[in-house]
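Novice:
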Amino acid sequence: MKLVTAETMRALDRETIDNRGIPGPDLMENAGRGIAERMRDEVLIEPQGKKVVIFCGKGNNGGDGFVVGRYLHQYGCRVKIIFPGPPESLSPDALLNYKRIGADGIDLIDARLNEQLCGDLEADYVVDAVFGTGFSGTPSGLSHDFIECINRINAPVIAVDCPSGLNIDTGMHDGAVVQADYTFTLALPKIGLFQSPGRELSGLLEVVPIGIPDDVITSFNIKENLIVPEMVRGLLPRRKPDGHKGDFGKLFILAGSAGLTGAATLSALSSARAGLGLVTVGCPASLNHILEMKLTEPMTYPLPDVGKKGALALRGLGEIKIKFAESDAVVIGPGLGRHHETSELVRRLVASLVKPAIIDADGLNAFGKDRDPLKGKHPTLVFTPHPGEFKRLIDEELPHGLFERFNLVRKYAELYNAVIIFKGSPSIVVSPDGDLYLNPTGNNGMATGGTGDVLSGLVGSFLAQGLSPLHGAICAVYLHGLSGDLAAAELGVRSLIAGDLIEYLPDAFALIEQDED
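So in my numbering, spot 443 of the sequence shown is number 443, and the numbers just go up one at a time.
This is the structure in structure tokens:
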């Protein structure tokens, strides 16, 4: 699903109205009716007699609110609409829908004439239709009062398109902003609704179609995308009914060093949980007995050690190349440590890679001073840096702005000819040709050691099962975050540890695949 900015959304509306013969009032009618139907079916459940107060602004978002009110009244709700008056100050399409209400039994209140705006309001539900996606700046006057009033009423809040006061390009706000329980965003999801604090202010988010033709959206060549369950379901590797373990991929994980065997363990276990046929962990020989105790299903393979210091030695290069050749994909990095000999080993291995590979953690850190082996020489690499690791791969500071950060990751995905999973809140997946996929799953309970190792195992598993680097990365980040969300729902975010994500992976797969048939 495409992900848009305010400017792109305006352009899509304009193209639809001006060149496709779909009038603006028709789009507004579709929007208001669609939101009212979702409210009836998913929020109100039994609308008869429910008291709904709708705050409408002067623009088209307010017009959507008038349409929502008209339909909710038809469904049996007791509707009260508060608008900033006079009616002539409304946008043309909003004024049209104000007039359509007429003597329909809906209580229309001009806020200019009511000094005690919130004092006597009683509501079962509140609808926020003050500002839409075109808003930026600081709410003032009656608009500010509307937002404050919405937040004070003790009732669930439904935002039309976005919480009023939120900048939907940045996810930020300056001054008053609505805290919504539900947001029904129109036509396409907006980027700022997935960037904190916009993500938290939006509550439960759902997209409501309004009738913009698919070919109009396609014609804009939008490079930003939202990962959705249907996308992941369609990409997941298919399993042969008569398949054996050799049919479901062989993964070799080069991982582990003294004090960091847990990283290798988490990566191996998560790869096995994701449907992989066989996984082997190549580790320093002096640590092999530890990993054999930690791992049951995955195999271990002891490799030359730097003087029994628990670090991989350069003399293991030839042996590791043989193991790589026997595998369908490789993972390089979880818990490898930063011994200079291990780092040199990694650089030489990556320079000669021919198999699909994910380079993570200390695998990436090995290139902090010499990045040439990474630059465009291998077409099936996936990098999974967090911000600190990413900074070591580039020659510039990370920008604070969301789009500036998007474009910086795009620049280096092209330079390295690699898919980059930039880990954060939200995480993004960027392909070498600039396509960007934003991941909506995950929570702050996952900000704990080891969750990145779980992700590297998932990516490696999907690569070994035959997915492309881009598709493997998309599936991995979504399921990784979904597992974290399911775990947090049961355990809470404070108590979440990386191993919980592995435990909840089966539930995440089941949730994704439940509608497949």
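Think of the CB as a built atom: it goes at the ideal place given N, C-alpha and C, for glycine as much as any other residue.
Would you call the segment 463-481 and the segment 261-277 touching, i.e. three or more CB-CB distances under 8 Å?
Specialist: Yes: the two stretches touch, three or more of their Cβ pairs being nearer than 8 Å.
Novice: My output table needs one value for C149: the three-state DSSP class, helix, strand or coil.
Specialist: In the sequence shown, the residue the question calls residue 149 occupies position 149. Looking at C149 - three-state DSSP - the assignment turns out to be helix.
Novice: Given V330, which residues of its chain have a CB within under 6 Å of its CB, disregarding the five upstream and five downstream residues?
Specialist: Reading the sequence shown from its first residue, position 330 is the one you call residue 330. So the list reads F252, F324, K355 and A357, once near-sequence residues are dropped.
Novice: Measure the C-alpha to C-alpha separation of P25 and S89 and round it to an integer number of angstroms.
Specialist: As a position in the sequence shown, residue 25 is number 25, starting the count at 1. As a position in the sequence shown, residue 89 is number 89, starting the count at 1. Those two C-alpha atoms are separated by around 17 Å.
Novice: What did DSSP end up calling E122 once you bin it into helix, strand or coil?
Specialist: By 1-based counting over the sequence shown, the position of residue 122 is 122. E122: coil per DSSP, three-state reduction.
Novice: How many whole angstroms separate the CB atoms of G460 and S271, which I take to be in contact at a CB cut-off of 8 Å?
Specialist: Here the question's residue 460 lines up with position 460 in the sequence shown. Here the question's residue 271 lines up with position 271 in the sequence shown. Rounded, the Cβ-Cβ distance is 5 Å, consistent with contact.
Novice: In three-state DSSP terms, what is D517?
Specialist: On the sequence shown, position 517 is the one that residue 517 refers to. Its pLDDT being 46, under 50, D517 is placed unreliably in this model, and the value from its coordinates should be taken loosely. Looking at D517 - three-state DSSP - the assignment turns out to be coil, as it is neither helix nor strand.
Novice: Note down, one range per segment and in chain order, each beta strand (DSSP E) of at least 3 residues found wholly within the segment 405-493.
Specialist: Runs of the beta strand (DSSP E) inside the segment 405-493: 419-422, 428-430 and 436-438.
Novice: How is the beta strand (DSSP E) around Y182 delimited, first residue to last?
Specialist: Residue 182 sits at position 182 when you count from the first residue of the sequence shown. Element bounds for Y182: Y182 to L186.
Novice: Below 8 Å on the Cβ atoms is my contact criterion, and I expect I147 with P139 to pass it. Report the Cβ-Cβ distance as a whole number of Å.
Specialist: One-based indexing of the sequence shown puts residue 147 at position 147. One-based indexing of the sequence shown puts residue 139 at position 139. So it is a contact: roughly 6 Å between Cβ atoms.
Novice: Starting from the C-beta of R40, find all residues in its chain whose C-beta is less than 7 Å away, skip the five residues before and the five after it, and write them out in chain order.
Specialist: By one-based count along the sequence shown, residue 40 stands at place 40. These residues qualify, in order along the chain: P47 and Y75.
Novice: State the Cα-Cα distance for the pair D517 and A476, rounded to the nearest angstrom.
Specialist: For the purposes of this step, residue 517 is taken as residue 517 along the sequence shown, with counting starting at 1. For the purposes of this step, residue 476 is taken as residue 476 along the sequence shown, with counting starting at 1. Low confidence applies to D517: its pLDDT is 46, below 50, so where it sits in the model is not reliable enough to give any reading.
Novice: Assuming M1 and A187 form a contact by the criterion Cβ under 8 Å, report the distance between their Cβ atoms to the nearest whole angstrom.
Specialist: Sequence index remark: in the sequence shown, residue 1 carries index 1 (1-based). Sequence index remark: in the sequence shown, residue 187 carries index 187 (1-based). Not quite, the Cβ-Cβ distance comes to about 11 Å (not below 8 Å), so this is no contact.
Novice: How many angstroms separate the CA atom of I502 from the CA atom of L287?
Specialist: The sequence position of residue 502 within the sequence shown is 502, counting from 1. The sequence position of residue 287 within the sequence shown is 287, counting from 1. Going by the C-alpha atoms only, they are around 23 Å apart.
Novice: Taking DSSP as the reference, what is the three-state secondary structure of H173?
Specialist: Within the sequence shown, residue 173 is the residue found at index 173, counting from 1. Looking at H173 - three-state DSSP - the assignment turns out to be strand.
Novice: At a Cβ threshold of 8 Å, is D26 touching chain B?
Specialist: Absence of chain B from the displayed structure is noted, only one protein chain being present.
Novice: What is the DSSP secondary structure of I222, reduced to helix, strand or coil?
Specialist: Counting from 1 along the sequence shown, the entry for residue 222 is found at position 222. Coil, per DSSP.
Novice: Going by DSSP, what residues sit across from R78 in a beta bridge?
Specialist: Your numbering for residue 78 matches position 78 in the sequence shown. Bridge partners of R78: K51.
Novice: So the beta strand (DSSP E) M299 belongs to, where does it begin and stop?
Specialist: What you label residue 299 is simply residue 299 of the sequence shown in a count that begins at 1. Note, M299: beta strand (DSSP E), M299 to L303.
Novice: Tell me whether the beta-carbon of G337 lies closer than 8 Å to the beta-carbon of D362.
Specialist: For the purposes of this step, residue 337 is taken as the residue at position 337 of the sequence shown. For the purposes of this step, residue 362 is taken as the residue at position 362 of the sequence shown. It is a contact, given that the beta carbons lie within the stated cut-off.
Novice: Just how far apart, CA to CA, sit R33 and D145?
Specialist: Here residue 33 refers to the residue found at position 33 of the sequence shown. Here residue 145 refers to the residue found at position 145 of the sequence shown. So the alpha carbons of these two residues sit roughly 27 Å apart.
Novice: Please state the DSSP three-state secondary structure of K250.
Specialist: Here residue 250 refers to the residue found at position 250 of the sequence shown. The answer is strand: DSSP assigns K250 an E or B state.
Novice: So for D395, helix, strand or coil by DSSP?
Specialist: For the purposes of this step, residue 395 is taken as residue 395 along the sequence shown, with counting starting at 1. DSSP places D395 in coil when its eight states are reduced to three.
Novice: For T138, name the three-state secondary structure that DSSP assigns.
Specialist: Walking along the sequence shown from the start, residue 138 turns up at place 138. Correct three-state label for T138: coil.
Novice: Alpha carbon to alpha carbon, how far is P237 from G246? Give it in angstroms, no decimals.
Specialist: Against the sequence shown, residue 246 aligns to sequence position 246. Against the sequence shown, residue 237 aligns to sequence position 237. So the two alpha carbons sit approximately 14 Å from each other.
Novice: Which residues bound the beta strand (DSSP E) around P163?
Specialist: Indexing the sequence shown from 1 puts residue 163 at position 163. Note, P163: premise wrong, no beta strand (DSSP E); not H, not E.
Novice: Given G211, which residues of its chain have a CB within under 8 Å of its CB, disregarding the five upstream and five downstream residues?
Specialist: Counted from its first residue, the sequence shown places residue 211 at position 211. Same-chain partners within the cutoff: T16, I22, D26, L27 and N30.
Novice: Going by other Cβ atoms of all chains shown within 10 Å of its Cβ, with 16 needed for buried, is A473 buried or exposed?
Specialist: Counted from its first residue, the sequence shown places residue 473 at position 473. The residue is buried, with at least 16 neighbouring Cβ atoms inside 10 Å.
Novice: Would you kindly work out how many angstroms separate the C-alpha atoms of E7 and G333, rounded to a whole number?
Specialist: As a working note, residue 7 is residue 7 in the sequence shown. As a working note, residue 333 is residue 333 in the sequence shown. So the alpha carbons of these two residues sit roughly 41 Å apart.
Novice: Could you tell me which residues DSSP pairs with K2 in its beta bridges?
Specialist: As a working mapping, residue 2 is identified with position 2 in the sequence shown. Paired residues: N225.
Novice: Determine the contact status of F184 and R38, defining contact as a CB-CB distance below 8 Å.
Specialist: Translated into positions along the sequence shown, residue 184 becomes position 184. Translated into positions along the sequence shown, residue 38 becomes position 38. Yes.
Novice: Report the three-state DSSP secondary structure of E206 (helix, strand or coil).
Specialist: Along the sequence shown, one-based indexing puts residue 206 at 206. Of the three classes helix, strand and coil, the one that applies to E206 here is strand, per DSSP.
Novice: Alpha carbons only, please: which of H400, V429 and M172 is nearest the one belonging to T133?
Specialist: Position 133 of the sequence shown holds residue 133. If we check each option's Cα against that of T133, M172 comes out closest.
Novice: Around the Cβ of D18, are there at least 16 other Cβ atoms within 10 angstroms (buried) or fewer (exposed)?
Specialist: For the purposes of this step, residue 18 is taken as residue 18 along the sequence shown, with counting starting at 1. Exposed is the call here.
Novice: Ignore the nearest five residues each way along the sequence and tell me which others in A366's own chain have a CB closer than 7 Å to its CB.
Specialist: What you label residue 366 is simply residue 366 of the sequence shown in a count that begins at 1. S343, V346 and R347, listed in sequence order.
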